[in-house]
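Residue numbers for the sequence shown follow numbering that gives the first Met the number 0, beginning at 0 and rising by one.
A virtual CB, placed ideally from N, CA and C, is assigned to each residue, including glycine.
Notes follow the structure.
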Amino acid sequence: MEIVSYLMSGLACLPAKDKFPYFSSREGKTEDGRSLKRVWEEYQTKFPSLDVFYENTHEQVCVICGKISGNLEVIDIDNKWDRTEEVLRYLMDVDETLDLNLVVNRTKNHGFHLLYRCEVIDGNQKLARFSTNKQTVIETRGEKGLIIAPPSEGYETIRGSMSSIPVITQEQRLILLEAARGFDE
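Set out below in structure tokens:
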């Protein structure tokens, strides 16, 4: 079961639905009366147990980024433009040059997530926008962020292993983020 290996490798993950953590609820509250927002905030600092998956039905698995998952940060390349593959190839060239061995997931809508851990990360950042409508096409998911991950339908790891996400240096991270920012239109 992939979820067990995620938890064992230090990835905080939760059941999800519609790209957001899912807890059995009615009208924005859990069965014990807590607000869903409050529960989400708790899990940004409280490592979940496998029980949360048994207690809640789920369509997807989300991984919480940031300190709770060993300083996990993700570059999210959205597929809202025709340069998605070009961006991935370029960042993979940077990866190869720096010998980073980033984990790469394909998303449901044919975008990509590049996963790494680093001693210093930030919250979610917008790195590049599409010129026509200023829509964000490359961003990070950092502290207090999340991603949907395999085995969620339509998501697959195409390089590396979610159970073995590399740790990169601060300098390598900055080079990688600047390379992504280079696509800002």
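- Item | Between the CA atoms of residue 31 and residue 171 - distance to the nearest angstrom | Approximately 45 Å, taken between the alpha carbons.
- Along the beta strand (DSSP E) that carries residue 148, what are the first and last residues, could you check? It spans 145-148 - the beta strand (DSSP E) in which residue 148 sits, taken as one unbroken run.
- In angstroms, rounded to a whole number, what distance separates the CA positions of residue 46 and residue 56? Rounded to whole angstroms, the gap between the alpha carbons of residue 46 and residue 56 is 19 Å.
- residue 113 bridges to which residues according to DSSP? According to DSSP, residue 113 bridges with 74 and 103.
- Distance between residue 150 and residue 1 (C-alpha atoms, nearest Å): Here the C-alpha atom of residue 1 lies approximately 7 Å from the C-alpha atom of residue 150.
- Does the segment 6-21 come within contact of the segment 49-68, defined as at least 3 CB pairs closer than 8 Å? Taking 8 Å as the limit for Cβ pairs, the verdict is that the segment 49-68 does touch the segment 6-21.
- Would you say residue 182 and residue 86 are within 7 Å of each other, going by their C-beta atoms? Residue 86 is positioned such that its CB atom lies closer than 7 Å to that of residue 182.
- Task: Give me the Cα-Cα distance between residue 125 and residue 140, rounded to the nearest whole angstrom.
- Result: Those two C-alpha atoms are separated by around 9 Å.
- Query: Looking at residue 78 and residue 108, is the spacing between their C-beta atoms short of 7 Å?
  - Reply: In this structure, residue 78 lies closer than 7 Å to residue 108 by Cβ.
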